[in-house]
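A.B. asks: The sequence shown runs -18 to -1, 1 to 118 under mature numbering (1 follows the signal peptide of the UniProt record, and there is no 0).
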Amino acid sequence: MKKMLITLLLAISTGSHATVLKNATDTFPLVSLQQKKVNDNITQDEKLPKASVIFWIDLDKSKSNSGKTIRNVKAKVSINKEGKIKVLEYNKKQPLLITNKIDKCLKTFRVKPEWIASGRVKVGENIVFLRFLDEY
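#1: Can you tell me where the beta strand (DSSP E) holding D116 begins and where it ends?
#2: Measuring alpha carbon to alpha carbon, tell me which residue in L30, L(-14), T51, S60 is nearest K104.
#3: Can you pull the DSSP bridge partners for A33?
#4: Which of the three DSSP states is assigned to L90 in this structure?
#5: Using the C-alpha atoms, what's the distance from L79 back to E117?
#6: Does the separation of the CB atoms of V55 and Q76 fall below 8 Å?
#7: Assuming I39 and L88 make a contact with CB atoms under 8 Å, what is their CB distance in whole Å?
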């Protein structure tokens, strides 16, 4: 009896038909994995194009990362020849604590010269993800 009940429950929960809620105001919205494109680079819910590079701006391998969360912030930045990054604008409005943390990390962070020389990172304006450990 127990096996039949478990088998029936398993068959119902893994059925091939998905139900669509007509009134989903009290539940989480269904999100598709493929977002509709407005044009080649800009999606509907974002105002900046796709990011070309992800920079770890505060990576310290000597420190423990346990208990910290990784935060990714999409930003339009300016990169000079020496590899220094200056934030021009953020994709979404960021809290003051986050912008202060990013500014503090970018004072010492430099893009590797090999990346600039190889063309992996272009000098000038770029759309990038700034990745760091959120300790707040």
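Glycine is no exception: its CB is placed at the ideal position from the N, C-alpha and C atoms.
Remember, it's a predicted structure, so these values are computed and weren't measured experimentally.
C.D. replies: In brief:
#1: 106 to 116
#2: S60
#3: A33 is not bridged to any residue.
#4: The displayed chain sequence assigns Thr, not Leu, to residue 90. In the structure shown, T90 sits in coil (DSSP, three-state: anything other than H, G, I, E or B).
#5: 10 Å
#6: yes
#7: 6 Å
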